[in-house]
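The structure appears below as structure tokens.
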Amino acid sequence: MNDLPKTLTFKMPAEASPLGFRQQPARPVLEVNRLRKHFPHAESAAVERVSLSLGEGELMALLGPSGCGKTTTLRMIGGFERPDEGTITLAGRDITNLPPEQRGIGFVFQDYALFPHLNVLENVKFGLRAMTRAQADARAHEMLKLVGLDDLGSRKPHQLSGGQQQRVALARSLAVAPELILLDEPFSNLDAKMRVETRQEVRKLLKSTGAAGILVTHDQEEALAMADRIAVMDQGRVVQIGTPDEIYRNPATAFVANFIGRSNILTGNASGMNVQTAFGNLPLSRAANGAVNLAVRPEQIMLEADVTGPAVITGREFRGHDQIYWVQEGERCMMVISGPGADHTIGTKVRLRICDCVVPLT
Amino acid sequence: MNLTTTISPGLWRMPRARVIFSALGLLIGGLMVLPLIWLVIRAAEADLPTVINMLTRPRTIQLLGNTLALVACVLALSTALALPLAWLVSRTDLKGRRLVNILAVIPLATPGYVMAYALIGLSGNYGFMNQLFGFTIPRLQGLWGATLALSLYTFPYIYLNLRAAFAGLDQSLEEAARALGATPREVFFRVTLPHLLPALMAGWLVVGLYVIGDFGAVALMRFEVFSYAIYLQYSAMFDRVYAAWLALILIAMALSVVWWESRLRAGAHFARTGSGAGSARQRVRLSRTGQILGWGIAGLVVLASIGLPVAVLTFWMLRLDDLPAVLPALFRAFSQSLSVAAPAAVLAAAMALPVAVLAVRYPSPLSTLINRLAFVGYAVPALAFALAFVFFSLNAARFLYQTQALLITVYALSFLALALGPIRSALYQARPSIEESARALGHGPLSVFARVTLPTIRPGVVAGMVLVFVIAMKELPIAFLLAPTGFRPLSITMFSRTSEGMLMEAAPYAAAIIIFSALFVGVVLRHDRSAGDDR
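Residue numbers (the numbering used here), protein chains in the order written: chain V, 6 to 367; chain R, 576 to 1110.
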């Protein structure tokens, strides 16, 4: 962890050059440059200078809380909202001002948006205008086979389950062989169990067709499990872009540290790769200097019962495979996750020890 | 919203589809309003003293008083008929309340002038009661006759509104009031009734506009209100300037009713405020006496509103010696009605489409304006609206005067609002994501409209067309002023025979209108099914 690239600089907010932004894909399919959108009558911009780039066949998740601008960003890329500023380039072509039908981008809607008056096969054929009837039929069957629904071609959308509707929507978008496919909260209408099963299926499907994809979600678990890279958004800005691993282990801001998993925030005085804290001198995940906020994951903290310890357990939540303790140490309340072995009761005096490198935040 | 987005150039800023829909919408709005300008021009032909004389002459004052009295009486009577029925059906365990629910809406099938015919056919020397039972009731006419005819026909509008309001009323409010110590009686007056007020006002708006604009019933009842006087001025005395002034006063009355209703409604806030579902409905359990009493009330209303016209019509139909001989003439009148009503329905739906699309998909100040204009034809009393088109065609488009094309257009404009309702709600229900995904699949906006939007909203379009069609089939005042020479549809034939006292000869036409109008009620009921019944 200590040898992260030095290119990660932390001068973000106004000019937003998010963490990892320079990790540009070698051959970008999509380049989004400083997109901005301010809706009339809104107090602040919905999307504030968002830049992204997406490699061939790459799957990126736009992750953030509701209202962070992720769907607006997606809709601008799809052509359903007009950006106030910024450009969108798809495979070298400037598409910023093109209407959606001329972009060649697939869009899978949250509600799937299947045409209720057409059957499954006709839905999948809808975008295949340039083909002859026979070609379109063949292509549609091929796509339905790919999503495992070839025998349901004559059904109407309302006769399908939610999961099947979603696969038809995917097949319909993929049938026209788009270079890029956009998915707006595609799993939010499925129940929890289906969601987990569908995630890997959809990922496999996208990978098999070679289309690049952007997935909008507010579910961190979904983003971590599916995406090659994650762009975390907050209040209209991209605050960090990186692989799921980077985002989890090396969050750029307190927001990211707490939105993806949970973190304890400490203060410390950093110099280079080390930081002086209340828990002693600790290694940093990346270089920093001066007073910094630090993120420490609850599972990075060791908890030992010690009658002379400075801290006391004030709360406990049993979760089966592990348990959460809330520990009060002076003014500070820390969250600690420990394995099933250790079993302490509320009121136990304890001593805390941080046993990993901590993350300096901006 | 800033207007610059609507007028600045560029494909993005103003998509072609939006340009086309806006242009169509403006054209329709213009058609709706332009003729009214001719009404004003004609009215302005008089000099000021003449105007003052016309407005203050005793006859005008009397017409105004008569009209207001009629509106008040009809509102009072129709509310008195509707309120107990609505309560019985939606809040009690009255046996057979579903049947009552249907029976309470059926009177809509009887147009006011047919109801007036039934009342006239019942009373008087020559009437049904005298001939059958040797028992003469004085000929019903004037204010009471008109009130009775109009109330028995219009109370279902109030009933439907009240029933929906009872269904939507959060019962926990009433329970909370009970828990706070209020008696059931206090609860009704202090909680229930105030919450019914918006629905009541919506119903009163419809009925009030109807009464102000009604022509057939008041003319048959020989009660001189504005619309009847306009007709007399126009047809008999031919003082068109005075007719124009009367029409303007009529329009002003209608607009002030609309204005008052919106003012009163704006101040009211009756939606449930808290979160969480309203508690499940609990019905008032009626005792045996209560059930009998409930059925007594429902029976009386049904007997008067449905039984009466059916009995009177049957009586006169049976007296008709030679029904087959009447059939060719009846068929001719029917096909004449059909020849304007059917194209008017299609035209109204076609006009409603761009207006609805603008409202739902491209909201802007312009589309709000166009949508308001779309209601002008419905709010302006039919006789005044038709008179405006008479002046317009005489002065600006002579070739249209007394043509079928003009009559069809005026019908379509007048009933545009009826077609707009179902089409707009269908569009609201059609998710925009469906249209957007068609765009993402490579279809342009117009192709999306034709291939995705229209098929999705087809039921709404059909419903709108049926509504216009059926109401145009029985329309009277517009046909009266704008009918081409020799054009005698069902409504005009029936009306003129009745006003000449030929009740027997009018019967088959009245029967045809009622049977046909029953279809209208069918459509209303189908649409209403979702709006509130209660298991």
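Glycine included, each C-beta is placed from N, C-alpha and C at the ideal position.
- prompt: Does the stretch 598–614 of chain R come within contact of the stretch 313–330 of chain V, defined as at least 3 CB pairs closer than 8 Å?
  reply: no
- request: Check the Cβ of Phe120(V) against every Cβ in chain R and list those closer than 7 Å, keeping chain order.
  value: For the purposes of this step, residue 120(V) is taken as residue 115 along the first sequence, with counting starting at 1. Ile1009 and Val1027, listed in chain order.
task: Give the range of the alpha helix (DSSP H) segment to which Val887(R) is assigned.
output: Within the second sequence, residue 887(R) is the residue found at index 312, counting from 1. First-last of the alpha helix (DSSP H) with Val887(R): Leu883 to Arg894.
query: The alpha helix (DSSP H) with Val52(V) in it runs from where to where?
result: Position 47 of the first sequence holds residue 52(V). Looking at the DSSP string, Val52(V) is not in any alpha helix (DSSP H); the run it does join, the beta strand (DSSP E), is Val52 to Gly60.
field: the stretch 619–630 of chain R touching the stretch 1047–1059 of chain R, judged by at least three CB pairs closer than 8 Å
entry: no
query: What does Pro162(V) reach in chain R if we use C-beta pairs closer than 8 Å?
result: Start at 1 with the first residue of the first sequence, and residue 162(V) comes out as number 157. Scanning chain R for C-beta atoms nearer than 8 Å to the C-beta of Pro162(V) yields nothing, as the closest lies near 10 Å away.
message: Here's the rule: buried if 16 or more other CB atoms are within 10 angstroms of the residue's CB, otherwise exposed. What is Asp896(R)?
response: Position 321 of the second sequence, counted from the first residue, corresponds to residue 896(R). Looking at its Cβ environment, which holds fewer than 16 other Cβ atoms inside 10 Å, Asp896(R) is exposed.
Phe284(V) in three-state terms, based on DSSP: Here the question's residue 284(V) lines up with position 279 in the first sequence. Coil, per DSSP.
field: Boundaries (first-last residue) of the alpha helix (DSSP H) holding Ala257(V)
entry: Residue 257(V) sits at position 252 when you count from the first residue of the first sequence. Per DSSP, Ala257(V) belongs to no alpha helix (DSSP H) and is neither H nor E.
- request: Show which residues of chain V have a CB atom less than 9 Å away from the CB atom of Val1031(R).
  value: Working through the second sequence from its first residue, we reach residue 1031(R) at position 456. In the sequence as presented, Val is not what sits at residue 1031(R); that position holds Thr. Ordered by position in chain V, the residues that pass the 9 Å Cβ test against Thr1031(R) are Phe120, Pro121 and His122.
Assigned exposure category for His770(R) - 16 Cβ within 10 Å defines buried: As a first step, residue 770(R) must be located in the second sequence, where it is residue number 195. With 16 or more other Cβ atoms within 10 Å, it is buried.
message: Please list, in chain order, the residues of the stretch 215–241 of chain V that have any C-beta partner in chain R closer than 8 Å.
response: none
query: Straight-line CA distance for Ser726(R) to Ser910(R)?
result: The sequence position of residue 726(R) within the second sequence is 151, counting from 1. The sequence position of residue 910(R) within the second sequence is 335, counting from 1. In a straight line, the C-alpha of Ser726(R) is about 30 Å away from that of Ser910(R).
- prompt: Does the separation of the CB atoms of Ser343(V) and Arg302(V) fall below 8 Å?
  reply: By one-based count along the first sequence, residue 343(V) stands at place 338. By one-based count along the first sequence, residue 302(V) stands at place 297. In this structure, the beta-carbon distance from Ser343(V) to Arg302(V) does not fall below 8 Å.
- prompt: What are the boundary residues of the beta strand (DSSP E) that includes Asn406(V)?
  reply: Because chain V spans 6 through 367 in this model, residue 406(V) falls outside it and cannot be assessed.
field: Gly605(R), buried or exposed, once every other Cβ within 10 Å from all chains shown has been counted against 16
entry: Within the second sequence, the letter at position 30 stands for residue 605(R). With fewer than 16 other Cβ atoms within 10 Å, it is exposed.
message: Run through chain R and tell me which residues come within less than 8 Å of Phe192(V), C-beta to C-beta.
response: Within the first sequence, residue 192(V) is the residue found at index 187, counting from 1. The premise fails here: Phe192(V) is roughly 16 Å from chain R at the closest Cβ pair, so nothing lies under 8 Å.
Spatial distance of Glu48(V) from Gly335(V) (CA atoms): Indexing the first sequence from 1 puts residue 48(V) at position 43. Indexing the first sequence from 1 puts residue 335(V) at position 330. Distance between the alpha carbons of Glu48(V) and Gly335(V): 40 Å.
message: Beta-carbon within less than 7 Å of Ala50(V)'s beta-carbon, same chain only, minus the 5 sequence neighbours each way: which residues are those?
response: As a working mapping, residue 50(V) is identified with position 45 in the first sequence. Answer for Ala50(V): Arg41, Lys42, His43 and Gly241, listed in chain order.
- request: State the CB to CB distance for the pair Ala684(R) and Ile1067(R), rounded to an integer number of angstroms; the pair is presumed to be in contact (CB under 8 Å).
  value: In the second sequence, residue 684(R) corresponds to position 109, counting from 1. In the second sequence, residue 1067(R) corresponds to position 492, counting from 1. Going by Cβ atoms, the distance from Ala684(R) to Ile1067(R) rounds to 19 Å, so no, they are not a contact pair.
field: Residues of the stretch 985–1015 of chain R whose Cβ lies closer than 8 Å to any Cβ of chain V, in chain order
entry: Arg1006, Ser1008, Ile1009, Glu1011, Ser1012, Ala1013, Arg1014 and Ala1015
query: Which of the three DSSP states, helix, strand or coil, is assigned to Leu357(V)?
result: Position 352 of the first sequence, counted from the first residue, corresponds to residue 357(V). The three-state secondary structure of Leu357(V), taken from DSSP, is strand.
task: Classify Val680(R) as buried or exposed, calling it buried when 16 or more other Cβ atoms lie within 10 Å of its own Cβ.
output: As a working note, residue 680(R) is residue 105 in the second sequence. Its Cβ being crowded by 16 or more others within 10 Å, Val680(R) is buried.
task: Within its chain, find whatever has a CB closer than 6 Å to the CB of Asn912(R); leave out the 5 residues flanking it on each side and keep chain order.
output: The residue you call residue 912(R) lines up with position 337 of the second sequence. The sequence given here has Ser at residue 912(R), not Asn. Around Ser912(R): Met1048, Pro1064 and Leu1065.
query: Listing by chain order, which chain R residues have their CB less than 8 Å from the CB of Ile110(V)?
result: Taking the first sequence and counting its residues from 1, one reaches residue 110(V) at position 105. Those are Ala1015, listed as they occur along chain R.
task: Name the residue from Thr367(V), Leu366(V), Gly277(V) and Met339(V) whose alpha carbon lies nearest to the alpha carbon of Arg358(V).
output: In the first sequence, residue 358(V) corresponds to position 353, counting from 1. Checked all of Thr367(V), Leu366(V), Gly277(V) and Met339(V); the closest Cα to Arg358(V) is Met339(V).
field: Those residues which DSSP pairs with Pro365(V) across a bridge
entry: Stepping through the first sequence from its first residue, residue 365(V) is reached at position 360. Per DSSP, Leu299(V).
message: Out of Ala296(V), Pro105(V) and Gly352(V), which one is the CA nearest neighbour of Ser1012(R)?
response: Residue 1012(R) sits at position 437 when you count from the first residue of the second sequence. When only C-alpha atoms are compared, the closest one is Pro105(V).
Contact set for Ala1001(R): own chain, Cβ-Cβ below 6 Å, skip 5 residues either direction: On the second sequence, residue 1001(R) is found 426 positions in, with the first residue counted as 1. So the qualifying residues of the chain are Ile1032 and Gly1035.
- request: Note down, one range per segment and in chain order, each beta strand (DSSP E) of at least 3 residues found wholly within the stretch 730–808 of chain R.
  value: none
message: Distance check for Ile1053(R) and Asn124(V), CA to CA, integer angstroms please.
response: For the purposes of this step, residue 124(V) is taken as the residue at position 119 of the first sequence. For the purposes of this step, residue 1053(R) is taken as the residue at position 478 of the second sequence. Between Asn124(V) and Ile1053(R), the C-alpha separation is close to 45 Å.
query: Distance, Cα to Cα, Ala961(R) vs Ala822(R)?
result: What you label residue 961(R) is simply residue 386 of the second sequence in a count that begins at 1. What you label residue 822(R) is simply residue 247 of the second sequence in a count that begins at 1. Ala961(R) and Ala822(R): Cα-Cα distance of roughly 10 Å.
field: Straight-line Cα distance separating Arg797(R) from Val608(R)
entry: By 1-based counting over the second sequence, the position of residue 608(R) is 33. By 1-based counting over the second sequence, the position of residue 797(R) is 222. Arg797(R) has its alpha-carbon roughly 31 Å from the corresponding atom of Val608(R).
task: Could you please give the first and the last residue of the uninterrupted alpha helix (DSSP H) stretch that includes Phe909(R)?
output: Taking the second sequence and counting its residues from 1, the one referred to as residue 909(R) is at position 334. It spans Leu898 to Arg936 - the alpha helix (DSSP H) in which Phe909(R) sits, taken as one unbroken run.
task: Determine the contact status of Pro610(R) and Phe974(R), defining contact as a CB-CB distance below 8 Å.
output: Taking the second sequence and counting its residues from 1, the one referred to as residue 610(R) is at position 35. Taking the second sequence and counting its residues from 1, the one referred to as residue 974(R) is at position 399. With a cutoff of 8 Å on beta-carbon distance, Pro610(R) and Phe974(R) are scored as not near each other.
query: Name the chain V residues whose beta carbon is nearer than 9 Å to that of Gly1019(R)?
result: On the second sequence, residue 1019(R) is found 444 positions in, with the first residue counted as 1. Those are Pro104, Glu106 and Gln107, listed as they occur along chain V.
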